[in-house]
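Participant:
Numbering (my numbering), first residue to last: 9 to 149.
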């Protein structure tokens, strides 16, 4: 018996700048997704358990789409996300030189919105709005 696929009303998507080193891609993605998760505790499912009864941490209830694009694509998607009032997380290049949350927030606060050197953004929102926000971005490889 095959279960029918679940279709979520919302979509979570991450857009990474296409010139990042692999360690940067992973770091930025994890930070951005943590921001999305912080918007709603309902995004987290139940804890996992294996057949032996070993318990594991709960994770997101829905998939995350990871995309890639150049700096211009990031700027466009950022503008679209804000104009659509989507919940948005940002990661800027200056954050690679910081070592903690307070310094990260200070780095973002020091730069005007249109001057942010974005290396990644994440959004959650209605599926169609998220799809339109990231129109033109490629799936990350």
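No residue lacks a Cβ here, since even glycine has one placed at the ideal position from N, Cα and C.
#1: Beta strand (DSSP E) containing residue 25: first to last residue?
#2: Return the chain-ordered ranges of every alpha helix (DSSP H) run that is complete within the region 75-116 and spans a minimum of 4 residues.
#3: Comparing alpha-carbon positions, which option in 72, 43, 73 and 56 lies nearest residue 65?
#4: Under 8 Å, do residue 125 and residue 101 count as touching if we go by C-beta distance?
#5: Looking at residue 89 and residue 131, is the spacing between their C-beta atoms short of 8 Å?
#6: Is the number of C-beta pairs between the region 14-24 and the region 67-77 that are closer than 8 Å three or more?
#7: According to DSSP, is residue 45 helix, strand or coil?
Facilitator: Considering the structure as presented:
#1: 18-25
#2: 79-91
#3: 56
#4: yes
#5: yes
#6: yes
#7: Helix.
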